[in-house]
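A.B. asks: Sharing a structure, written as C-alpha cells. Questions coming.
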Amino acid sequence: MVEPVLKIRDLSVSFAAGDQQLAAVSNVSFDLNEEECLGIVGESGSGKSQTFLAALGLLARNGRATGSVLYRGQEILNAPRHELDELRGNRLGMVFQDALSGLTPTMRIGQQLAESAERHLGMSPAEARARALEMLEIVSIPDPAQRLNAYPFELSGGMRQRVMIALAMICKPDVLIADEPTTALDVTVQAQILRLLDGLKRHTKTSVVMITHDLAVVAGLCDRILIMYGGRPVELGATAEIFSGPLHPYTAGLLRSMPTLSIDPEVDLPAIPGQPPDISQLPAGCAFAERCERASDRCLREDPLLTARTNARSVACHFPLDGN
Ligand SMILES: Nc1ncnc2c1ncn2[C@@H]1O[C@H](COP(=O)(O)OP(=O)(O)O)[C@@H](O)[C@H]1O
Ligand code: SF4
Ligand SMILES: [Mg+2]
C-alpha cells in the first residue's frame, strides 16, 4: 500500500488562557493521500486552522500540540524550527484567507516569487525570474510580465490570492494547504479561484487540503472530506458518499442548510439551531449534544470517538444516521 503523504494521529492542540487550558483541537486523526484533495469543513472556531498550524509548527506562543504528524514517514510535529522552515518553503505550501498577510507589502511580487525559487530550488536570478513569470502565467494573471513589478497593494483581492497560490506552488510542493482561500472574495472571483485550484490539482501531483466553512466549496473539488465540530473530527469519508448519505447529525444539518441551485433564494434554509460550543466550557459528553435532535443520556456522558464504519467511512456518534 502507498504511504500517505501526511499521516496525522491523535493530534490535539490546547491554548493556555489564564489558569485554564482551552482544548481547541482534540484527537484528530486522518491521512492525506497521494494526489488527493481533502476538504476540512466546519463552522468558524471548530479547530480547522489550528489543526494545520500545529502540524506546520505555526501555533501561537500559548499553544501546545501533542500527537503525531508524519510527513512521508518523518515525524514533523514539534520538529526543530529550521526543519519546519525548510519544509514549509519547499514541500508544504500554504495559502491563507488573507493574501496580504502572506505577502511582503514592500517587495514587488516578482521579487518575492523569484527569491523563493532561488532559495529553495537553487536557481540563478535569471532562471528564478523566468520561473516567477511562468508561475504568474500558470495562475492566469493578465499581463504577467508587467505584474512582476507590481506591489501586493496594487492588485485586487482575487489577483493577490492568485499570487499567493503562485508563491505556494513555485517550488512544486507535495502538499498545498489552502485555508479559506476564497472566503474574503466575492462570489464570482471565488468561483474563479476554485477553478484555478481545481486545474492546478489536475495538472500537478500536489495533494490539496481545502479548509472551509462552506460545504459548497468542497462539493466539486474534494475527493474526501473531514467534518469538524468543537475541535473534534466528527465524520470522514468520500465527498459523494457524505453528500448522499451523511452519518453524523451535524453533517446532515450542514447539508440541509446548504443552498443549492434548485432552491429559491427567497426561502430561508433551515439553519442548525443553537451555537457552536465554547471551548472554555466544553461538555463532558458529545460536543454537539446541545444542538442534536438524537441526543440521549449516553451522549451527555460519553464523548463519541471517530470510529471506522467501513474502510473508507468514519463517524463519531453514538447514534449515527443510517447513511441513506
Ligand atoms: N492563541 C490562542 N489562544 C487561545 N485560543 C485560541 C488561540 N488561537 C485560536 N484559539 C481558539 O481555538 C479555536 C479553534 O480555532 P481555529 O482552528 O482558528 O478555528 P477555525 O475552525 O475557524 O479555523 C477557537 O475557539 C479559537 O478561538
Ligand atoms: S453522539 Fe449523540 S448527541 Fe452526539 S451527534 Fe451523536 S446522537 Fe447527537
Ligand atoms: Mg480558520
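Using my numbering, the first residue of the sequence shown is number 4, and each one after it goes up by one. Even glycine gets a Cβ: it sits at the ideal position worked out from N, Cα and C.
1) Report all residues from its chain with a CB closer than 8 Å to the CB of Glu46; omit the five preceding and five following residues, and keep chain order.
2) Measure the C-alpha to C-alpha separation of Leu342 and Leu124 and round it to an integer number of angstroms.
3) Mapping the DSSP letters down to three states, classify Ile43 as helix, strand or coil.
4) Any heavy atom of ligand 1 closer than 7 Å to the CB of Asn152?
5) State the CB to CB distance for the pair Gly240 and Ala290, rounded to an integer number of angstroms; the pair is presumed to be in contact (CB under 8 Å).
6) Which residues mark the beginning and the end of the alpha helix (DSSP H) in which Phe246 is found?
7) Using the Cβ count rule (16 or more neighbours within 10 Å means buried), how would you classify Gln24?
8) Please classify Pro279: does DSSP put it in a helix, a strand, or coil?
9) Can you give, in chain order, each stretch of the alpha helix (DSSP H) that sits fully within the region 215–245 and has at least 4 residues?
10) Pair every Cβ in the region 128–144 with every Cβ in the region 54–70, then say whether three or more of these pairs are closer than 8 Å.
11) May I have the straight-line CA-CA distance separating Pro323 from Gln164, to the nearest angstrom?
12) Please determine, among Ala20, Gln77 and Phe99, the residue with the shortest C-alpha to C-alpha distance to Ser52.
13) Comparing the CB of Ala120 with every heavy atom of ligand 2, is any distance shorter than 7 Å?
14) Do three or more CB pairs link the region 35–43 to the region 220–229 at distances below 8 Å?
15) Is it true that the CB of Pro236 sits closer than 8 Å to the CB of Phe33?
16) When DSSP labels each residue in this structure, what does Phe55 get in the three-state scheme?
17) On a CA-only basis, which of Arg91, Ser159 and Val211 is nearest Leu188? Give me that one, please.
18) Do you know offhand how far Leu285's Cα is from Pro276's?
19) Is the beta carbon of Asn152 closer than 8 Å to that of Gly113?
20) Which residues does DSSP pair with Lys204 in a beta bridge?
C.D. replies: Working from what's here:
1) His216, Tyr232 and Pro279
2) Since the first residue shown for the chain is 4 and the last is 327, residue 342 is missing from the structure and cannot be characterised.
3) Residue state for Ile43 is assigned as strand, using DSSP reduced to three classes.
4) no
5) That pair is no contact at about 20 Å.
6) In the DSSP assignment, Phe246 falls within the unbroken alpha helix (DSSP H) covering Thr242 to Ser247.
7) With fewer than 16 other Cβ atoms within 10 Å, it is exposed.
8) coil
9) Every alpha helix (DSSP H) of 4 residues or more that sits fully in the region 215–245 is shown, in chain order, as 218–222.
10) no
11) 39 Å
12) Phe99
13) no
14) yes
15) yes
16) Of the three classes helix, strand and coil, the one that applies to Phe55 here is helix, per DSSP.
17) Ranking Arg91, Ser159 and Val211 by Cα distance to Leu188 puts Ser159 first.
18) 18 Å
19) yes
20) DSSP lists no partner for Lys204.
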